[in-house]
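Engineer: Submitted below is the structure of interest, expressed as structure tokens.
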Amino acid sequence: SVRTPNKEIVYRDLVRFGYRTLFERINRLGSSLDKLGVKQGDTVAVVDYDSHRYLESYFAIPMLGAVLHTVNWRLPPEQMLYTMNHAEDKIVLVHSDFLPVLESFGDKLTTVEKFILLTDDNKKPATKLNIEAEYEEMLRAGSSSYDFPDFDEDTRATLFYTTGTTGDPKGVYFTHRQIVLHTVGIALLGAGQNYPRFVTPDEVYMPLTPMFHSHAWGTPYLST
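Numbering (our numbering), first residue to last: 227 to 450.
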């Protein structure tokens, strides 16, 4: 946000804003989740498409000391439910398109306390879920200069679940240290493959790997 404040974050044909705005929105999300009672070690889930909101969650949730659970919505519903219960999700940020599947879980979501609604059209569909707030309204009420806490580098930062194996999906944690080292490793790999321009401010990154899958191979962290 300091070196390239006006470089754009683009979501479809709906949203465009610069890195300075991204930084402010990350602060607003962090402060808003703090107000909702999110503490270090709590798990906050995201059920969304690859969006600017997801990118904001990549930073704000771990920076609180909480754990970001990137929910794989391509799993069969029963396995999706399993991962959310196994992760002990406390708060769920959910896109309106996925409300029906979460509604179908009923009271089987044993640890979720609140839902935050994500929409692309500013419409609030009727739902049986306990919607605490709409995302953009929540951010507007948040602080653009939130002071995130300090914690150990080995604090858990993210959680996702493996697929393609026998039995139920298996949870995999990344700590803050592991994310940093993984990002550095990708940068070194790019340089070793003779395409160092991949990590310059002049490049445009379009995610193809879903953001719920292995941090989209780490490239959102590398690119930002």
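Virtual Cβ for every residue (Gly too), placed ideally from N, Cα, C.
As the structure is a computational prediction, the values presented were derived from the model and not from experiment.
(1) Please state whether DSSP places Val293 in a helix, a strand or coil.
(2) Check whether the Cβ atoms of Leu301 and Pro395 sit closer than 8 Å, and answer yes or no.
(3) Does the Cβ of Asp367 have 16 or more other Cβ atoms within 10 Å, making it buried, or fewer, making it exposed?
(4) Could you check how far apart the C-beta atoms of Ser462 and Arg254 are, in whole angstroms? I think they sit under 8 Å.
(5) How long is the line joining the alpha carbons of Gln266 and Ile287, rounded to whole angstroms?
(6) Put Pro422 into one of helix, strand or coil per three-state DSSP.
(7) Considering only the alpha carbon of each residue, which of Leu344, Ala352, Asp373, Glu379 lies closest to Glu363?
(8) Take the Cβ of Met432 as the centre, count every other Cβ of all protein chains shown within 10 Å, and call the residue buried at 16 or more, exposed below.
(9) Can you tell me which of Gly411, Asn311, Leu385 puts its alpha carbon nearest to the alpha carbon of Leu474?
(10) Please identify the residue among Pro375, Phe438, Lys340 whose C-alpha is closest to the C-alpha of Tyr387.
(11) Short of 8 Å in beta carbon distance, which residues of its chain neighbour Trp299, apart from the five on each side in sequence? Order them along the chain.
(12) Measuring CB to CB, does Leu385 end up less than 8 Å from Thr269?
(13) Can you list, in chain order, the residues of its chain whose CB lies under 7 Å from that of His312, leaving out five sequence neighbours each side?
(14) Jot down the residue ranges of each uninterrupted beta strand (DSSP E) in the region 342–417, minimum 3 residues, whole runs only, in chain order.
(15) Drop a sphere of 10 angstroms on the beta-carbon of Lys372, count the other beta-carbons inside from all chains shown, and report buried for 16 or more, exposed for fewer.
(16) Helix, strand or coil, according to DSSP, for His439 in the structure here?
(17) Measure the beta-carbon distance from Tyr245 to Lys261 and round it to whole angstroms, keeping in mind my assumption that it falls under 8 Å.
(18) How many Å lie between Pro427 and Phe285 at the Cα?
(19) Compare the beta carbon distance of Ile317 and Val236 with 8 Å and say whether it is the shorter of the two.
(20) For Asp260, report the span of its alpha helix (DSSP H) as first-last.
(21) Express the C-alpha separation of Ser322 and Pro351 in angstroms, rounding to a whole number.
(22) My output table needs one value for Val338: the three-state DSSP class, helix, strand or coil.
(23) Buried or exposed: which applies to Asp315, given that a residue is buried once 16 or more other Cβ atoms fall within 10 Å of its Cβ?
(24) Excluding five sequence neighbours on each side, which residues of the same chain lie with their C-beta closer than 6 Å to the C-beta of Val241?
Structural biologist: Quick answer:
(1) Against the sequence shown, residue 293 aligns to sequence position 67. It is a strand residue.
(2) For the purposes of this step, residue 301 is identified with residue 75 of the sequence shown, where counting begins at 1. For the purposes of this step, residue 395 is identified with residue 169 of the sequence shown, where counting begins at 1. Going by C-beta atoms, Leu301 is nearer than 8 Å to Pro395.
(3) On the sequence shown, residue 367 is found 141 positions in, with the first residue counted as 1. According to the sequence provided, residue 367 is Ala. The question's Asp does not apply to it. Its Cβ having fewer than 16 others within 10 Å, Ala367 is exposed.
(4) The displayed coordinates of the chain run from 227 to 450. Any statement about residue 462 would go beyond what the structure contains.
(5) Mapped onto the sequence shown, residue 266 falls at position 40. Mapped onto the sequence shown, residue 287 falls at position 61. Approximately 10 Å between the Cα atoms of the pair.
(6) Here the question's residue 422 lines up with position 196 in the sequence shown. Confidence in Pro422 is poor, its pLDDT being 48 and thus under 50, which makes the residue's placement unreliable; the coordinate value appears in the next sentence. DSSP places Pro422 in helix when its eight states are reduced to three.
(7) The residue you call residue 363 lines up with position 137 of the sequence shown. Among Leu344, Ala352, Asp373, Glu379, the Cα nearest to that of Glu363 belongs to Leu344.
(8) Here residue 432 corresponds to residue number 206 of the sequence shown, with the count starting at 1. Counting Cβ neighbours within 10 Å, Met432 comes out exposed, since fewer than 16 surround it.
(9) Nothing can be reported for residue 474: it is not among the residues displayed for the chain, which extend from 227 to 450.
(10) In the sequence shown, counting from the first residue as 1, residue 387 sits at position 161. Checking every option, the nearest Cα to that of Tyr387 belongs to Phe438.
(11) Position 73 of the sequence shown, counted from the first residue, corresponds to residue 299. Result list for Trp299: Val273, Met306, Phe324, Val327, Phe438, in chain order.
(12) Reading the sequence shown from its first residue, position 159 is the one you call residue 385. Reading the sequence shown from its first residue, position 43 is the one you call residue 269. Going by C-beta atoms, Leu385 is nearer than 8 Å to Thr269.
(13) The sequence position of residue 312 within the sequence shown is 86, counting from 1. Closer than 7 Å at Cβ, skipping near neighbours: Gly397.
(14) 357–360, 382–387, 397–401
(15) The count along the sequence shown starts at 1 and reaches residue 372 at position 146. The residue asked about is misnamed: residue 372 is Tyr in this sequence, not Lys. Classification for Tyr372: buried.
(16) The residue labelled residue 439 in the question sits at position 213 within the sequence shown. If DSSP states are grouped into helix, strand and coil, His439 belongs with coil.
(17) Taking the first residue of the sequence shown as position 1, residue 245 is located at position 19. Taking the first residue of the sequence shown as position 1, residue 261 is located at position 35. Going by Cβ atoms, the distance from Tyr245 to Lys261 rounds to 25 Å, so no, they are not a contact pair.
(18) Position 201 of the sequence shown, counting from 1, holds the residue named residue 427. Position 59 of the sequence shown, counting from 1, holds the residue named residue 285. Cα to Cα, the separation comes out at about 19 Å.
(19) Residue numbering aside, residue 317 sits at position 91 when the sequence shown is read from its first letter. Residue numbering aside, residue 236 sits at position 10 when the sequence shown is read from its first letter. Taking 8 Å as the Cβ cut-off, Ile317 and Val236 do not qualify as a contacting pair.
(20) Here residue 260 corresponds to residue number 34 of the sequence shown, with the count starting at 1. Note, Asp260: alpha helix (DSSP H), 245–261.
(21) As a first step, residue 351 is located in the sequence shown; it is residue number 125 there, counting from the start. As a first step, residue 322 is located in the sequence shown; it is residue number 96 there, counting from the start. Near 7 Å, if we compare the C-alpha coordinates of Ser322 and Pro351.
(22) Here residue 338 corresponds to residue number 112 of the sequence shown, with the count starting at 1. Note: Val338 maps to coil in three-state DSSP.
(23) Reading the sequence shown from its first residue, position 89 is the one you call residue 315. Per the 10 Å Cβ criterion, buried.
(24) Counted from its first residue, the sequence shown places residue 241 at position 15. Counting only Cβ-Cβ distances below 6 Å, and skipping sequence neighbours, we find His278.
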